[in-house]
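S.K.: The listed protein sequences correspond, in order, to chains E and R.
Each step along the first sequence adds one to the number in my numbering, with nothing skipped, and position 134 is 134.
Each step along the second sequence adds one to the number in my numbering, with nothing skipped, and position 21 is 428.
Just so it is clear, CB atoms sit at the ideal spot from N, CA and C, and this is done for glycine as well.
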Amino acid sequence: MIERHPGRARAAHLLRRTSLTVNPSRIDQLADLSWRDAVADVLDRALGADAGDDPPVASDWSVVVTWWVNRMIDPASGLRERMAWFWHSLLTTSADKVSSAALVGRQLADLRAGALGDYRTILHTYVTSGALVQYLDADGSMAANPNENLARELMELFTVGRDAYTEDDVRSAARALAGWVVEDGEVSWRRENAFVAPLLFKGVQDDWDTAKVVDFLCDQPETAVRVSSRLWRHLVGTEPEPGAAADLGAWWQERDLAVPDLVERIMLSPGADTARLNRPRSGLEWFTAYRAVVGGAPVEDAWTLYGLGEMPYQPPNVGGWPDGPRWLSPGSLLARASLAFDTDWEAMAPGRSGTVDDILDRCGLQEISPATRAALDAVRSSDELPAEEAHRTRWRLALSSPEFSLA
Amino acid sequence: MTPSADTRRLLSRRAFLSALGAAGAMAAGAGALAGCSSGSVPSGPPGAGGTSGLGPTGSGDPVGRVVPGAVGGRVLVIVDLQGGNDGLSTLVPYTSGRYRDLRPNLAVPGEDVLAGDGEVGFHPSLQRLSRRGLVTVEGVGPVAGDLSHFDMSARWQRGDVDGTGTRLRTGFLGRLTDALDDGSPLVGVALGGPSPHLVNDRASTMSLDSLDALWFLQPADWSEATTYQQGLAALGGDEQLPAVAAGSYRQLLDLAARLAAAGDEDDDGHEVDWEHPMVAEGGELGWQLYLAADLIGAGLGTRVVYTGVGGYDTHTDHGYAAEANLAQLDVAVDGFLTRADELGFADRVLVATISEFGRRVPENGSGLDHGNASTMLVAGPVDDRRAGDRPPIDDLDENDNLRTTIGFDRYLATLAEEWLGVEAASVLPGGPEPLGLL
C-alpha cells in the first residue's frame with residue numbers, strides 16, 4: 001500500500017474505525033497529533049456533546065431509520081453514532097415485529113443517548129424497551145407458561161454465551177422475565193402476570209425479576225469478555241488472542257463496563273494503530289461513507305440500505321448481520337458499484353474538477369494500493385472521453401475501489 | 408414490485424446514454440447479496456496492516472454433502488407464496504361435505520374444479536398446470552407451529568421444522584448452494600430482493616431485481632463505460648486483501664459479459680420482454696421466473712433460484728384473491744417451463760412451491776385466518792401425482808386448522824436429496840426422511 005501522508009493515513013484509519021462518516025478536514029485536524037492524542041481527541045469530542053435531538057415521531061419506522069442514517073453521515077458525527085450502531089448490531093431488533101414506529105424511535109433514542117455510557121445500563125434499557133419486548137416475544141409472557149425467546153437470547157447473544165447456561169436456566173429466566181406487556185404503544189410490567197415467588201436461577205434461590213437477572217448476567221465474567229471481544233473485532237478488525245480477551249474482559253469489568261474506557265483501552269492496544277484496512281466495510285459502513293463523500297441532499301429513503309444488505313431494524317435474524325469477507329462478494333460489490341456509478345454528479349458539490357489526489361483526499365483514501373492508484377491515473381481524457389466524463393470515471397473508480405470497501 | 412414504466416426506461420442502457428449529462432441519480436435495480444460470499448475468497452490472507460486479516464467467518468452451521476453418483480446440473484426453483492397459501496383452495500376437496508359446511512361462501516364449486524379424481528381437484532385458476540400435470544404434496548407444515556408469519560417464515564428459511572433450530576445462521580437454500588458449490592459465478596440467486604433463504608457461507612450467490620443491474624458492466628461501445636470497466640478490472644489487483652474484492656469485480660465483469668453474450672443481439676443485452684404472456688399476466692412472479700429462465704440459460708452454474716410473491720395473506724376477499732393469485736402462479740410457472748423447454752433445460756429444472764403456512768379451515772367473513780398445514784406443488788419433469796398424506800378435515804387441531812401430517816423438513820429433504828442429490832441429513836437438522844416422490 002502507498003501511504004500518501006503518514007499523519008493523515010493514521011488519522012483516516014482512526015476516523016474510519018471510530019465514526020461512520022468521512023470528513024477530510026477532521027483528518028487534517030488529527031494528522032499532526034500522536035495516536036494517543038488523536039484517540040483522546042475523538043473521545044473528548046464525543047463525550048463533550050450529548051445525543052442531540054431525538055428521532056422524529058413518525059408513523060413509519062423507516063422514517064426513523066432514515067433520520068438516523070442522516071445523523072451518521074453528518075460530518076460532525078463521531079463515536080456516538082459508531083457506538084449506537086455497534087450496540088444495535090449486537091442488541092438488535094426487527095421493526096417487522098414491533099407494533100408502532102414510536103416504539104422503534106424510543107428504543108433508538110435510548111440507544112443513542114446511552115451509547116457512551118456503560119453496558120449494564122444499555123442492556124437494562126434495551127431489555128425493557130417496548131420494541132425489544134415485542135421482538136423477542138416477551139409481550140404478554142405469563143409466568144405460568146412463559147415465552148423463552150427473550151431469556152434464551154439474553155444469555156446466548158447479549159451476555160454470557162452459549163456454553164454458560166443450561167436449559168433449566170432458560171426456563172427459570174423466562175419465568176423471571178415474565179410480566180411485560182405492550183399496550184397502546186406503552187410498555188408496562190404487570191405483577192399479576194409475573195412470577196413473584198423465589199426461584200432457582202443459575203443455582204441461586206432469590207426473588208428473581210428482570211432487573212436482577214440482567215444485573216446477575218452483567219456480573220458474570222463471560223459477559224464482559226464476550227462483549228469487549230466483539231468490540232475489539234469491530235474496532236481493530238482482528239480476533240483478540242484468548243489470553244488478551246480474558247484480560248480485556250476482566251479489566252473492563254473493573255471499570256464497571258464503561259464504554260469510553262473500553263474504546264480507549266482497545267484503540268491504545270499495541271497494533272490497533274496499524275491494523276489498517278484489514279476488514280471490509282459492512283453494507284451500512286460503506287453507504288454512510290459513500291454518502292458522506294458525495295454529499296448533496298440528505299438521504300431521503302434508507303431502504304437503499306436494504307439493497308446493500310444492512311438496513312437498520314431489518315436484521316436477518318436476532319444474531320444481527322453476519323460480517324466477514326461476504327461484504328466483498330460479487331453481489332455486495334455489484335450493489336456498491338452500481339450506486340457509485342449512478343451518483344448524482346450534478347448535485348455533488350465540488351465534484352466537477354480536481355486531481356486524482358483531490359479525489360482520494362475527499363474519499364478519505366490516505367492509503368491506496370499501487371494498482372488502484374495506477375488505474376485512476378490511467379484515466380485520461382481524449383477525443384472519445386471528454387474531460388468531464390474522464391473526471392467522473394476517476395470518481396467512480398475511487399468509490400468502487402476495494403480500498404473504499406474496507407474499514 | 409414490478410418496475411414501473413419509468414423505471415424500466417431508466418434501466419435500459421439506450422435510455423441511459425441519451426440521458427447522460429442530465430441530472431439523474433437513478434436507482435439501478437441492484438439488489439444485494441443475500442448474505443453471500445464468493446467462492447474465490449482466499450482463506451486467511453494477511454491483513455494489509457500487518458495484523459492477521461480476514462478469514463472466512465463460517466457460521467458454524469452444518470456443511471452439506473452431495474450424494475455420490477447424484478445427477479449433476481439440476482436446478483431447483485423455489486416459488487414462495489408469501490402470506491400463507493390455502494391448500495384447500497389450491498387442491499380442492501370438492502366432494503367433502505365437511506369442506507362445504509365449514510366454507511359456506513368460500514368453497515370452490517365442484518363443477519369448477521379441474522382434473523378432479525373424485526376426491527380432490529385443482530382450483531379453476533390452475534388451468535395450464537393441471538393440464539401439464541404436477542405432483543401435489545398434501546399435509547405439509549410445521550411441527551408445533553405457531554401462527555406468526557415472522558416465526559413460520561423464519562423456520563422455512565432455516566429449514567427448522569419445529570422451531571428448535573434458532574441457532575442456524577444460514578438458510579436451507581444457502582446450505583444447498585454451499586453443498587453444490589463448484590466455483591461457478593452464480594450458484595444461487597434470489598430474484599426480487601435479498602432473501603434470508605440464501606444466506607450461506609461460501610458459494611457465490613446474489614440477489615437481483617433485474618439483469619439490468621449488471622448493465623454498466625456489460626461489454627460496451629462507449630468510452631465512459633469501457634474506461635470504467637478497464638479501471639475496475641485493474642483496481643487493487645496487486646495487494647492480497649483488496650484482491651479479494653478485485654476478484655469479485657472480475658467475476659462480475661465475466662458474469663455481465665456472459666449474460667450479454669446469452670442475450671438477444673438486437674436487444675440491449677438482456678431485458679425482460681414485458682409483452683410476454685408470463686410477464687404480462689404473471690405479475691411479479693412472472694417477471695421473476697422470466698429472469699430465472701434467462702439466468703439458468705446463460706450457463707452461470709446456477710443451481711438454486713429463489714422467487715417469491717406476496718398477496719397470499721387473505722384475511723378478506725379470499726375467493727377473489729385466490730382466483731387472481733393462482734391464475735398468476737399458473738401462467739408464470741407454465742410460462743417458465745415452456746421457456747425452459749425452448750432454452751433446452753426443461754429436463755433439469757424443478758419448480759417447487761413453499762408457503763409459511765396454510766389457512767384456517769372455517770371461513771371468517773369473506774376471508775381465512777392463519778392456518779397450519781398446506782399443499783405444496785412440484786412441477787417440471789415429474790408425473791402427475793397426488794402425494795403426501797391428506798390431513799383429515801373432520802379432525803382439525805385446537806385452532807381449527809389442518810394438522811401437519813408431513814413435517815415441511817421432509818418436503819425440503821425430498822427436494823434436496825431426490826432432486827439435487829444433496830444428502831438431506833447434511834443440510835437439515837434432525838435428518839428428515841425424504842418422501843420418495845421424485
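For Phe529 of chain R, which residues does DSSP report across the bridge?
M.R.: R:Leu498 and R:Leu521
S.K.: Count the CB pairs spanning the segment 483 to 492 of chain R and the segment 775 to 787 of chain R that are closer than 8 Å, and state whether there are at least three.
M.R.: As far as the Cβ criterion goes, the segment 483 to 492 of chain R touches the segment 775 to 787 of chain R, which means the pair count is three or higher.
S.K.: For Ala477 of chain R, which residues of its own chain have a beta-carbon under 8 Å away from its beta-carbon, when the five flanking residues on both sides are left out?
M.R.: Leu827, Gly828 and Val829
S.K.: Is it true that the segment 299 to 314 of chain E meets the segment 43 to 59 of chain E, where meeting means three or more beta-carbon pairs spaced less than 8 Å apart?
M.R.: no
S.K.: Going straight from the alpha carbon of Asp588 of chain R to that of Phe216 of chain E, what length do you get?
M.R.: 45 Å
S.K.: For Met1 of chain E, which residues from the same chain have a beta carbon less than 6 Å from its beta carbon, with the 5 sequence-adjacent residues on both sides left out?
M.R.: Glu367 and Ser369
S.K.: Which one of R:Leu750, R:Asp680 and R:Trp694 has the shortest CA to CA distance from Ala705 of chain R?
M.R.: R:Leu750
S.K.: Give me the chain E residues within the contact set of Ser656 of chain R, using Cβ-Cβ distance strictly less than 7 Å, ordered along the chain.
M.R.: Ser is not the amino acid found at residue 656 of chain R; the sequence shown has Tyr there. Going along chain E in sequence order, the residues near Tyr656 of chain R (Cβ under 7 Å) are Leu333.
S.K.: With a Cβ-Cβ cutoff of 7 Å, do Arg80 of chain E and Ala113 of chain E count as a contact?
M.R.: no
S.K.: Assuming Gly540 of chain R contacts Pro798 of chain R under a Cβ cut-off of 8 Å, what Cβ separation, rounded to an integer in Å, is found between them?
M.R.: The C-beta distance from Gly540 of chain R to Pro798 of chain R rounds to 23 Å, too long to meet the 8 Å contact threshold.
S.K.: Mind listing the chain E neighbours of Phe557 of chain R? Cutoff is C-beta to C-beta under 9 Å, in chain order.
M.R.: The contacting residues are Ser94, Asp96 and Lys97.
S.K.: Check each candidate in R:Ser496, R:Leu509 and R:Gly528 and name the one with the smallest Cα separation from Asp801 of chain R.
M.R.: R:Leu509
S.K.: Is Arg396 of chain E close to chain R, meaning its C-beta is less than 7 Å from at least one C-beta of that chain?
M.R.: yes
S.K.: Do Asp487 of chain R and Gly715 of chain R come within 7 Å of each other at the CB atom, strictly closer than that value?
M.R.: yes
S.K.: To be precise: take each residue of the segment 68 to 85 of chain E, compare its Cβ to all Cβ atoms of chain R, and keep it if any distance is under 9 Å. Which residues remain?
M.R.: none
S.K.: Check Met1 of chain E in the structure and name its three-state DSSP category.
M.R.: Taken through DSSP and simplified to helix, strand or coil, Met1 of chain E comes out as coil.
S.K.: On the DSSP letters alone, give me the boundaries of the alpha helix (DSSP H) that Phe623 of chain R sits inside.
M.R.: Element bounds for Phe623 of chain R: n/a, residue is neither H nor E.
S.K.: According to the neighbour-count rule (16 or more other Cβ atoms, all chains shown, within 10 Å of its Cβ), is Ala407 of chain E buried or exposed?
M.R.: Looking at its Cβ environment, which holds 16 or more other Cβ atoms inside 10 Å, Ala407 of chain E is buried.
S.K.: Would you mind giving the Cβ-Cβ distance between Val227 of chain E and Leu43 of chain E, rounded to the nearest angstrom? I have them listed as a contact below 8 Å.
M.R.: Not a contact, Cβ separation roughly 19 Å.
S.K.: Given this structure, state the Cα-to-Cα distance separating Gly581 of chain R from Val606 of chain R, to the nearest angstrom.
M.R.: 5 Å
S.K.: Between the C-alpha atoms of Ser499 of chain R and Pro836 of chain R, what's the straight-line distance to the nearest angstrom?
M.R.: Checking the sequence shown, residue 499 of chain R turns out to be Val, not Ser. About 32 Å.
S.K.: With Ser466 of chain R and Arg565 of chain R assumed to form a contact (beta carbons below 8 Å), what rounded beta-carbon distance in angstroms separates them?
M.R.: The pair is not a contact, with the Cβ atoms about 11 Å apart (cut-off 8 Å).
S.K.: When DSSP labels each residue in this structure, what does Asn732 of chain R get in the three-state scheme?
M.R.: helix
S.K.: Between Ala138 of chain E and the rest of its own chain, which residues show a CB-CB distance below 7 Å, the 5 nearest in sequence each way excluded?
M.R.: Closer than 7 Å at Cβ, skipping near neighbours: Asn147, Leu150, Leu177 and Trp180.
S.K.: Kindly provide the ranges of any alpha helix (DSSP H) runs that are 4 or more residues long and lie completely inside the segment 526 to 581 of chain R, ordered along the chain.
M.R.: 534 to 539 and 556 to 565
S.K.: Are the C-beta of Ser405 of chain E and some C-beta of chain R separated by less than 7 Å?
M.R.: yes
S.K.: If you draw a straight line from the C-alpha of Thr612 of chain R to the C-alpha of Ala378 of chain E, how long is it?
M.R.: 32 Å
S.K.: Under 7 Å Cβ to Cβ from Ala832 of chain R, same chain only, skipping five residues before and after it: list those, please.
M.R.: Gly838
S.K.: Taking 7 Å as the CB-CB cut-off, is Gly718 of chain R touching chain E?
M.R.: Look at Gly718 of chain R: its C-beta is not under 7 Å from any C-beta on chain E.
S.K.: For Gly765 of chain R, which residues of its own chain have a beta-carbon under 8 Å away from its beta-carbon, when the five flanking residues on both sides are left out?
M.R.: Gly491, Asn492, Asp493, Gly494, Leu495, Gly548, Gly778, Asn779, Ala780, Ser781, Thr782, Asn808 and Leu809
S.K.: Where does Gln205 of chain E land, buried or exposed, given buried means 16+ other C-beta within 10 angstroms?
M.R.: exposed
S.K.: Among E:Ala292, E:Asn145 and E:Pro260, which has the Cα closest to the Cα of Ala340 of chain E?
M.R.: E:Ala292
S.K.: Look up Ser445 of chain R in the DSSP assignment and say whether it is helix, strand or coil.
M.R.: Any reading at Ser445 of chain R needs caution, since the residue's pLDDT is 30, under 50, leaving its predicted position unreliable; the model's value is listed next. Ser445 of chain R: coil per DSSP, three-state reduction.
S.K.: By alpha-carbon positions, which one of E:Arg279, E:Arg276 and E:Leu305 ends up nearest to Tyr290 of chain E?
M.R.: Cα-wise, what sits closest to Tyr290 of chain E is E:Leu305.
S.K.: Would you say Tyr635 of chain R faces chain E, with C-beta separation under 7 Å as the test?
M.R.: yes
S.K.: With C-beta atoms as the reference, is Asp733 of chain R less than 7 Å away from Ala794 of chain R?
M.R.: Contrary to the premise, residue 733 of chain R reads as Leu rather than Asp in this sequence. Against a cut-off of 7 Å, the Cβ pair of Ala794 of chain R and Leu733 of chain R comes out as no contact.
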